[in-house]
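Residue numbers (full-length UniProt numbering): 1 to 471.
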């Protein structure tokens with residue numbers, strides 16, 4: 001293990017087989033010889049480590065400073081247990097800590113009724129979240145796939161030991177399993193089902209891997225990385241695990257079979273200020289992480305709001321998709337990518353409080369409220385530098401119990417670097433009939449405007465749809 005994959009802020013001494021002269025030729029002594037058994041076990045352990053590392057595909061960064069595993073699908077054997085220290089902030093803290101045994105015991109109360117009394121166990125419904133999800137270790141993004149791909153975990157939590165496997169969760173307080181209201185993690189079991197489901201079934205089983213993937217993405221994207229270039233690398237093992245079930249091409253965190261639905265992810269986390277940087281003909285991102293249409297391009301927690309595909313109609317289509325891989329690993333780092341999307345467009349002007357949709361050659365007093373938009377960064381003032389932004393409807397959803405309609409789409413802008421090239425800057429959700437009608441009016445107005453002006457670089461078909469490239 002390198003420093004980065006353990007605890008990056010500590011200069012820890014690392015023992016390897018090569019560091020101990022003669023250990024590589026150590027004679028294996030029979031376990032029956034007593035004290036020498038530890039030497040035998042140490043040699044065997046190092047041998048297993050070397051064998052494991054030799055089967056792990058690695059990628060060396062351009063500086064050659066770090067060796068990072070790009071695929072980590074099978075973690076542990078059938079009998080192995082991963083034992084993370086959830087509360088430890090760094091490698092200086094050990095597995096165990098001082099604690100009050102009385103605080104581990106559950107509280108009981110006797111509720112008296114008019115005729116009978118009943119004894120109840122008082123539990124903290126937020127126990128799992130407080131002890132596992134909100135502890136120090138899961139804040140490191142690399143831990144996500146190690147936790148969910150391993151068959152079982154023994155968590156050294158703040159208050160007590162916690163067991164997590166693909167069947168149940170348990171603790172010292174509840175050794176036979178948590179009550180359902182208390183145990184809030186089923187991703188291990190759902191990942192197992194998703195990774196073995198049949199992708200030829202396009203009903204419930206086909207939707208399940210997609211839902212599991214987005215839950216994994218949300219959990220992973222809430223973690224921190226020392227190097228943002230590891231954004232796709234550190235979730236590559238999970239992507240490989242569900243690929244067979246989802247099917248199709250893996251596109252920098254998205255799946256070809258889930259497009260265009262997968263394009264309308266949302267930023268939901270990171271309260272700290274993050275500024276949007278305009279990418280135009282004269283400027284671009286300093287370090288490429290992922291295309292703007294991929295959630296991996298952001299350093300933030302993201303989410304995909306679930307919708308029932310039976311009630312959802314796609315309003316655009318993907319005619320071409322491509323990513324430039326940095327290595328031969330399809331789940332690893334990328335150097336670029338694009339998608340070609342055909343759909344309707346509405347032209348609008350960005351304002352710090354609302355969006356003005358152009359419904360004629362002049363900007364009409366028609367606006368969409370700012371709370372309909374979910375921007376990719378907390379500070380989007382750089383959009384004031386562009387003349388227009390564009391709204392592209394991606395899909396619409398209808399409710400089962402009435403005529404309620406929801407339209408989701410992308411907010412994009414022209415880069416100016418090549419004809420018809422756009423970048424994503426956010427997403428939108430329109431829930432009321434008025435906003436949906438105004439969006440339709442804006443799309444019709446831009447189609448009429450385009451036919452009279454032939455905006456450079458945007459292709460139009462006979463149905464009033466436009467084909468653009470999003471990078």
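Idealized CB from N, CA, C, for every residue including glycine. As the structure is a prediction and not an experimental result, all values here were calculated from the model.
{"Query": "What residue range is occupied by the uninterrupted alpha helix (DSSP H) comprising residue 192?", "Result": "187-196"}
{"Query": "Mapping the DSSP letters down to three states, classify residue 298 as helix, strand or coil.", "Result": "coil"}
{"Query": "Count the other C-beta atoms from every protein chain shown that fall within 10 angstroms of the C-beta of residue 210, then say buried if there are 16 or more, exposed otherwise.", "Result": "buried"}
{"Query": "Contact between the stretch 234-253 and the stretch 136-149 is defined here as three or more beta-carbon pairs at a separation below 8 Å; is this criterion met?", "Result": "yes"}
{"Query": "DSSP three-state call for residue 466: helix, strand or coil?", "Result": "strand"}
{"Query": "Using the Cα positions of residue 411 and residue 266, report the straight-line distance between them to the nearest angstrom.", "Result": "12 Å"}
{"Query": "Tell me the rounded alpha-carbon separation between residue 261 and residue 302.", "Result": "15 Å"}
{"Query": "If you draw a straight line from the C-alpha of residue 335 to the C-alpha of residue 217, how long is it?", "Result": "21 Å"}
{"Query": "Is residue 254 near residue 294, with beta carbons less than 8 Å apart?", "Result": "yes"}
{"Query": "To the nearest angstrom, how far is it from the Cα of residue 299 to the Cα of residue 174?", "Result": "37 Å"}
{"Query": "If I measure Cβ to Cβ from residue 192 and keep anything under 7 Å in the same chain, skipping five residues before and after, which residues do I get?", "Result": "166"}
{"Query": "Counting Cβ pairs, one atom from each stretch, are 3 or more of them under 8 Å apart for the stretch 371-384 and the stretch 411-427?", "Result": "yes"}
{"Query": "Could you name the residues that DSSP lists as bridge partners for residue 317?", "Result": "342"}
{"Query": "List the whole-angstrom C-beta distance separating residue 377 from residue 275, where the pair is believed to meet the contact cut-off of C-beta under 8 Å.", "Result": "6 Å"}
{"Query": "May I have the straight-line CA-CA distance separating residue 425 from residue 315, to the nearest angstrom?", "Result": "19 Å"}
{"Query": "Assign residue 153 to one of three DSSP states: helix, strand, or coil.", "Result": "strand"}
{"Query": "Find the nearest neighbour of residue 370 within the set 355, 397 and 124, judged by alpha-carbon distance.", "Result": "355"}
{"Query": "Do you know offhand how far residue 312's Cα is from residue 448's?", "Result": "27 Å"}
{"Query": "Could you pull the DSSP bridge partners for residue 433 from this structure?", "Result": "Answer is none; residue 433 lacks a bridge partner."}
{"Query": "Using the three-state DSSP reduction, which class does residue 381 fall into: helix, strand or coil?", "Result": "helix"}
{"Query": "What three-state label does DSSP hand residue 393 in the structure shown?", "Result": "strand"}
{"Query": "Exposed or buried, residue 153, counting other C-beta atoms within 10 Å across all chains shown (16 or more means buried)?", "Result": "buried"}
{"Query": "Going by the CB atoms, is the gap between residue 469 and residue 416 shorter than 8 Å?", "Result": "no"}
{"Query": "Per DSSP, residue 427 forms a beta bridge with which residues?", "Result": "374 and 410"}
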